[in-house]
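Comments concern the structure below.
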Amino acid sequence: MSVDMRTYLAHVELANPMTTAAGCASSGRELAQFFDLNRIGALVTRSITMAPRAGRPTPRMAETPSGMLNAIGLQGPGIDAFLERDLPWLAQRGVRTIVSIGGGTVAEYGALARRLTDAPGVTAVEVNLACPNMEDRGRVFARDGASAAEVISSVRTLMRYDVPVVAKLSPDVADVVSVARACVEGGADALSLINSPLGMSIDTETLRPSLAAVSGGLSGPAVRPLAVRCVWQVHAALPGVPIIGVGGVLTGRDAFEMVLAGACVVGVGTALFHDPHACLRILRELEELLQARGFQRLADAVGLAHRPPGNARSRADTTDMEESSL
Ligand SMILES: Cc1cc2nc3c(=O)[nH]c(=O)nc-3n(C[C@H](O)[C@H](O)[C@H](O)COP(=O)(O)O)c2cc1C
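Residue numbers for the sequence shown follow the numbering used here, so the first one is 48 and each next one is one higher.
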């Protein structure tokens, strides 16, 4: 008997919990060479900006033990090209598409929301809050609950009511729960945890930082415990808010860990660079793990690790968990 892998991002049903992580599958075309994008729950696009961006100078990627550093700088063609070329291509194929947006001011996020609101084929909008706020000396929005909430509230007001707004948070904060709470109070329907924390490495041959931008986002297995901790803390504090768990997921076991911590959707980023089929493989492995442990529905496993050990293996009495998780 197969496991019911359906899940909900706010009121939107996804066939399964697997998504790409923003920035790791561009706008889907490259990945579509490898498999039918309709087989994953949703595709999350790279963060779309108002104007085209060339990104940061090179080198902008560096390998680290169990992870990688990147400072791409939101390279992309901008919203006009996305709406003309990429979104219609995804919509024609019926791909569930979560559009990630990035901006330097609250008004810029608002302008992006305004452009997306009537565009066909937008399943949800994910607001990348790990962008520098140009009106606050470049302080990253996600590091300050009030400015993160201001962005979310402006996007929420402008987007169509039936399109969920997801706030993507950074772990580089003292208290991720307070930023999450501020975003939910600002109107976020769901949260995505985590964006890549800042790291750096120094090339001992050139005796200089490996990245031209000096520091960059750390991703891959190295960040998974950080992501699991953030998902755990936020799910404990805001159990009714759907969470997309992202960070270092390489296997079905890693995805299962995210689900047990409280994620009802799981994003895969860095793994795609060495295995473009990773989402499908991880989905299959997750389903096998759930089946082997006697779960009939993915929903019954969401947040299960929060239960006292005595209850953790009981699947008969899961109603309160379902209601609080999805
Ligand atoms: C090359 C690269 C580009 C990324 N671009 C974006 C982006 O455009 N927007 C965003 O919100 N996150 C971006 N991220 C962060 C990922 O979406 C994800 O949160 C992070 O990499 C952790 O997941 P992972 O360990 O599975 O890669 C990027 C990550 C990488 C490695």
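The beta carbon of each residue, even a glycine, is placed where N, CA and C say it ideally should be.
Best match in Val-226, Pro-256, Gly-246 for proximity to Ala-237 [C-alpha to C-alpha]
The shortest C-alpha to C-alpha distance from Ala-237 to any of Val-226, Pro-256, Gly-246 is the one to Val-226.
Quick one: grab the DSSP three-state call for Val-281.
Note: Val-281 maps to helix in three-state DSSP.
Please state the DSSP three-state secondary structure of Glu-60.
Glu-60 carries a strand assignment under DSSP once its states are collapsed to helix, strand and coil.
Does DSSP put Glu-335 in a helix, in a strand, or in coil?
For Glu-335, the secondary structure class from DSSP, reduced to helix, strand or coil, is helix.
Rounded straight-line distance, which links the Cα of Gly-350 to that of Ile-126:
One alpha carbon belongs to Ile-126, the other to Gly-350, and they sit about 36 Å apart.
So, with DSSP's three-state summary, where would you put Glu-197?
In this structure, Glu-197 counts as helix in the three-state DSSP scheme.
Output the distance between the C-alpha atoms of Pro-167 and Val-275, rounded to the nearest integer angstrom.
Rounded to whole angstroms, the separation of the alpha carbons of Val-275 and Pro-167 is 34 Å.
Going by the C-beta, is Met-108 closer than 8 Å to any heavy atom of ligand 1?
Yes, the Cβ of Met-108 comes within 8 Å of a heavy atom of ligand 1.
Paired residues, beta bridge with Gly-85 - DSSP
Reading off the sequence, residue 85 comes out as Asn, not Gly. Per DSSP, none; premise fails for Asn-85.
Between His-282 and chain B, is any beta-carbon pair separated by less than 9 Å?
Structure shown: chain B not included; a single protein chain is present.
If you draw a straight line from the C-alpha of Ala-221 to the C-alpha of Ile-87, how long is it?
Distance between the alpha carbons of Ala-221 and Ile-87 is about 34 Å.
Quick check: the region 251-266 against the region 193-212, are at least 3 beta-carbon pairs closer than 8 Å?
Short answer: they don't touch.
For the beta strand (DSSP E) containing Met-305, name the first residue and the last one.
Premise fails: Met-305 lies in the alpha helix (DSSP H), 299-308, not in any beta strand (DSSP E).
With a threshold of 8 Å (Cβ to nearest heavy atom), would Ser-147 be considered close to ligand 1?
Taking 8 Å as the cut-off, the C-beta of Ser-147 counts as close to a heavy atom of ligand 1.
In chain order, each alpha helix (DSSP H) run of at least 4 residues that lies wholly inside the region 205-283
Segments of the alpha helix (DSSP H) lying fully in the region 205-283: 223-232.
If we call anything under 9 Å between Cβ atoms a contact, is Glu-173 one with Thr-96?
No, these two residues do not count as a Cβ contact at 9 Å.
Ile-249, buried or exposed, once every other Cβ within 10 Å from all chains shown has been counted against 16
In the assembly as shown, Ile-249 is an exposed residue. Its beta-carbon has fewer than 16 other beta-carbons within 10 Å.
Out of curiosity, what's the CA-to-CA distance linking Pro-124 and Thr-92?
For Pro-124 and Thr-92, the distance between alpha carbons rounds to 12 Å.
Nearest-angstrom Cβ-Cβ length linking Ala-118 and Arg-107, presumed shorter than 8 Å:
5 Å between Cβ atoms; contact.
Whole angstroms is fine: what's the gap from Ala-283's alpha carbon to Pro-289's?
The straight-line gap from Cα to Cα measures roughly 12 Å.
Throw me the rounded Cβ distance for the Gly-114 and Ser-266 pair, which I believe falls under 8 Å.
Rounded to the nearest angstrom, the Cβ distance from Gly-114 to Ser-266 is 6 Å, consistent with a contact under 8 Å.
Kindly list the residues whose CB is nearer than 6 Å to the CB of Thr-152, restricted to its own chain and excluding five residues on each side of it in sequence; keep chain order.
In its chain, beyond the 5 residues on either side, Met-181, Glu-182 have a beta carbon closer than 6 Å to the beta carbon of Thr-152.
Cβ of Thr-298 within 9 Å of Cβ of Glu-332?
Yes.
Relative to the C-alpha of Ser-49, which candidate in Arg-354, Pro-355, Arg-344 has its C-alpha closest?
The shortest CA-to-CA distance from Ser-49 to any of Arg-354, Pro-355, Arg-344 is the one to Arg-344.
For Pro-135, three-class secondary structure by DSSP
Three-state DSSP puts Pro-135 in a helix.
Taking Leu-90 as the reference, give the member of Asp-191, Arg-354, Leu-337, Val-313 with the closest Cα.
Cα-wise, what sits closest to Leu-90 is Val-313.
Measuring alpha carbon to alpha carbon, tell me which residue in Arg-103, Leu-307, Ser-243 is nearest Val-293.
Looking at the Cα atoms, Ser-243 is the closest of the given residues.
Take Leu-116 as the anchor and find which of Ser-74, Ala-189, Val-270, Gly-185 has the nearest alpha-carbon.
Taking each of Ser-74, Ala-189, Val-270, Gly-185 in turn and checking the Cα distance to Leu-116, the smallest one comes out for Val-270.
Going straight from the alpha carbon of Ala-62 to that of Cys-326, what length do you get?
C-alpha separation (whole angstroms): 13 Å.
DSSP three-state call for Ile-119: helix, strand or coil?
Correct three-state label for Ile-119: coil.
My assumption, with CB atoms under 8 Å, is that Ser-59 sits in contact with Pro-211. Please give the rounded CB distance.
As written in the sequence, residue 59 is Val, which differs from the Ser given in the question. The beta-carbon separation of Val-59 and Pro-211, rounded to 6 Å, stays under the 8 Å limit for a contact.
Pairwise C-alpha distance: Thr-144 and Arg-300
Cα-Cα distance, rounded: 25 Å.
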